[in-house]
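In the order they appear, the protein sequences are chains F and S.
Start counting the first sequence at 39; every next residue gets the next number (our numbering).
Start counting the second sequence at 39; every next residue gets the next number (our numbering).
First comes the structure, then the notes that go with it.
Number of protein chains: 2
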Amino acid sequence: MTITGRTRLMAIVGDPVAPLRSPALFNQAFARLGMDVAFIAFEVSAGELPAAWAGLTRLRNLDGLVITMPHKEAVIPLLDALGPTARRTGTVNTVRRRPEGGWEGEMFDGEGFREGLERAGHAVRGAAILQVGCGAAGRAIAHALARAGAARLVLHDASPGRAAALAQALSETYPGISAAEGAVDSAGHDIILNATPLGLREGDPLPFDTSRLRPPQVVADVIPHPEVTPLIAAARAAGCATVTGRSMHEGQARLAAAYLGIAGWEG
Amino acid sequence: MTITGRTRLMAIVGDPVAPLRSPALFNQAFARLGMDVAFIAFEVSAGELPAAWAGLTRLRNLDGLVITMPHKEAVIPLLDALGPTARRTGTVNTVRRRPEGGWEGEMFDGEGFREGLERAGHAVRGAAILQVGCGAAGRAIAHALARAGAARLVLHDASPGRAAALAQALSETYPGISAAEGAVDSAGHDIILNATPLGLREGDPLPFDTSRLRPPQVVADVIPHPEVTPLIAAARAAGCATVTGRSMHEGQARLAAAYLGIAGWEG
């Protein structure tokens, strides 16, 4: 790619940015599509987002942003409008300029994850699911799974109250679902998913005990890098099908790209 | 070039950014030097710089900025330290992080212009020079020419008082020089230079009457794009040697790159 003064900008805002795959993914798409846009990473510390935001939104050649950890909730009060999933989950991962001025955001992590599961051949409708981790990404995923017709969601989070609050929100929003806080026991679930950051750093403990995993249970992980986390490796060793954070990330990027007006993402 | 989450950033801040050549020039150098750095343009309107600055300086993976119109003076109060030429001219075109925190700036437009003239074989030492335009770029150029030993500088600017103020500053700083406000008459000068924006836009009038240009007079222009401005074309038609804004820009970029710690710029 060749960057000139005419090149438009899109960027991902997060911390740390070194492991992020969005720049490579988006720039490959721009090259394939012949779009004169560069996708870069902006490394912004937690707590610095409001000041950074005031500056970034004054860059007239910046057309869109992907928002990642630790800013997915912090960006909400800075926006002028929110899409339905952003409102439901209190999180945003994609932001674009509004034609009438200002910026609007929407959340695609959950739908991206669901797409990743379904494209890999694992039905969400009617499934019994154990989800460990109810932070920003976890909330978005649980909403997407519930919206897609999951029968049962057992939720767990190390922070007290988080899982219960999410279970209550799901029960209120999707009347058909059974959603409740529960123990981290993989037995009896069709799909078990990690939505905690465990696995991102070398030496992290497993997010749950993998000794009772058995096929045809499906194990999914939100961590995109390394693609094969210790959890994914253990699940594969147990003979289970797996869905990695990479496919969630690709699903999310596809939906974010559509929101950002990038036509023809999948070639 | 391939941009990933690990790619460091440098940028040029200006308005408009579409005609700027710095992104291509710096990115070519980064590719040649094998540096994982992307050089992008940030389009920021006049008056928006303080808010944009507060945000840009919070991008932890941004290592340096080139500052261009209309921000070369406005950036001064936002910086934590100034180099000697920035202090003398009240203008900055390059900004870098300080190891101890904060940002410092220096001005290379003038020295870049002088280098462009001298590399083209035109001696500044002892020369009689007519300079039209005493804005930010013009001030920096006049200081560089005076510092390099120009014998006489006749200055003109359409804004009342500007040329006289610059002449006075030059006379105080470089005791050997003859510097004064004067008429725009090309006769009797070794070097005649345009430091106004005239020539940037199609249909602009010439910055001065070119009918009396004669070799071996040298005509120089600060406008980098188009490279052959109507002034440069008229000077060439009169048989005069010319130095275009492109060579000034390349000189400036070379000095800015050294200030930004980019070793090996000229291959």
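Even glycine gets a Cβ: it sits at the ideal position worked out from N, Cα and C.
Everything numeric in this text was worked out from a predicted model, so none of it was measured.
Under 9 Å by beta carbon: chain A residues contacting residue i
| i | result |
| --- | --- |
| A56 (chain F) | No chain A appears in the structure shown, which is made up of the protein chains F and S. |
Contact test: residue i Cβ vs the ligand FMN heavy atom, cutoff 7 Å
| i | result |
| --- | --- |
| K110 (chain S) | Among the ligands in the structure shown, none appear at all, so the ligand FMN cannot be discussed. |
With 16 other Cβ atoms within 10 Å as the buried cut-off, status of residue i
| i | result |
| --- | --- |
| S249 (chain F) | exposed |
| Q206 (chain F) | exposed |
| D74 (chain F) | exposed |
| E153 (chain S) | buried |
| G176 (chain F) | buried |
| R96 (chain F) | buried |
| T127 (chain F) | buried |
| S83 (chain S) | exposed |
| A296 (chain S) | exposed |
| R239 (chain F) | exposed |
| D147 (chain F) | buried |
| D195 (chain F) | buried |
| P245 (chain S) | buried |
| S197 (chain S) | exposed |
| D53 (chain F) | buried |
| A275 (chain S) | exposed |
| E138 (chain S) | exposed |
| G283 (chain F) | buried |
N- and C-terminal bounds of the alpha helix (DSSP H) containing residue i
| i | result |
| --- | --- |
| I270 (chain F) | P268 to A275 |
| I179 (chain F) | A174 to R185 |
| T45 (chain F) | Segment: none, T45 (chain F) is in no alpha helix (DSSP H) and carries neither H nor E. |
| S209 (chain F) | R200 to T211 |
| E156 (chain F) | D147 to R157 |
C-beta neighbour in chain F for residue i, strict 8 Å
| i | result |
| --- | --- |
| I114 (chain S) | no |
| R190 (chain S) | no |
| A84 (chain S) | no |
| P235 (chain S) | no |
| L47 (chain S) | yes |
| G299 (chain S) | no |
| A178 (chain S) | no |
| A294 (chain S) | no |
| A89 (chain S) | yes |
| P61 (chain S) | yes |
| A92 (chain S) | yes |
Under 8 Å between C-beta atoms of residue i and residue j
| i | j | result |
| --- | --- | --- |
| N65 (chain F) | M39 (chain F) | yes |
| G289 (chain F) | G150 (chain F) | yes |
| A45 (chain F) | A76 (chain F) | Sequence check: residue 45 (chain F) is Thr here, not Ala. Yes, the pair counts as a contact, with Cβ atoms nearer than the cut-off. |
| I55 (chain S) | E86 (chain S) | Note on residue identity: the sequence assigns Val, not Ile, to residue 55 (chain S). No, these two residues do not count as a Cβ contact at 8 Å. |
| A166 (chain F) | H227 (chain F) | yes |
| L251 (chain S) | V257 (chain S) | yes |
| L120 (chain F) | W141 (chain F) | no |
| I105 (chain S) | T123 (chain S) | no |
| I41 (chain F) | A79 (chain F) | no |
| I215 (chain F) | A184 (chain F) | yes |
| L193 (chain F) | A225 (chain F) | no |
| L191 (chain F) | L208 (chain F) | yes |
| P61 (chain S) | G43 (chain F) | yes |
| P262 (chain F) | R59 (chain F) | yes |
| A180 (chain F) | L155 (chain F) | no |
Residue i, enclosing beta strand (DSSP E) - first and last residue
| i | result |
| --- | --- |
| N65 (chain S) | Counting along the chain, N65 (chain S) falls outside any beta strand (DSSP E), though it belongs to the alpha helix (DSSP H) covering S60 to L71. |
| T280 (chain F) | A279 to V281 |
| L231 (chain F) | I229 to N232 |
| R135 (chain S) | T132 to R135 |
| F77 (chain S) | V75 to E81 |
| L168 (chain F) | A166 to V170 |
| R190 (chain S) | R190 to H194 |
| W141 (chain S) | W141 to E144 |
| A56 (chain S) | Neither: A56 (chain S) is in no beta strand (DSSP E) and is coded neither H nor E. |
| E138 (chain F) | E138 (chain F) -> no beta strand (DSSP E), and no H or E assigned at all. |
| V256 (chain S) | V256 to D259 |
| E86 (chain S) | Segment: none, E86 (chain S) is in no beta strand (DSSP E) and carries neither H nor E. |
Below-8 Å beta-carbon distance, residue i vs any chain S residue
| i | result |
| --- | --- |
| M39 (chain F) | yes |
| A65 (chain F) | In the sequence under discussion, the amino acid at residue 65 (chain F) is Asn, which differs from the Ala named in the question. So yes, N65 (chain F) belongs to the interface. |
| F151 (chain F) | no |
| E81 (chain F) | yes |
| R96 (chain F) | yes |
| F68 (chain F) | no |
| W141 (chain F) | no |
| A291 (chain F) | no |
| S78 (chain F) | Checking the displayed sequence, the identity of residue 78 (chain F) turns out to be Ile instead of Ser. Yes, I78 (chain F) lies at the interface with chain S (some Cβ there is under 8 Å from its Cβ). |
| G102 (chain F) | no |
- Task: Please specify which runs of the beta strand (DSSP E), each continuous and at least 3 residues long, are wholly inside the stretch 91-128 of chain S, giving them in chain order.
- Result: Runs of the beta strand (DSSP E) spanning 3 or more residues and lying entirely within the stretch 91-128 of chain S occur at 100-105, in chain order.
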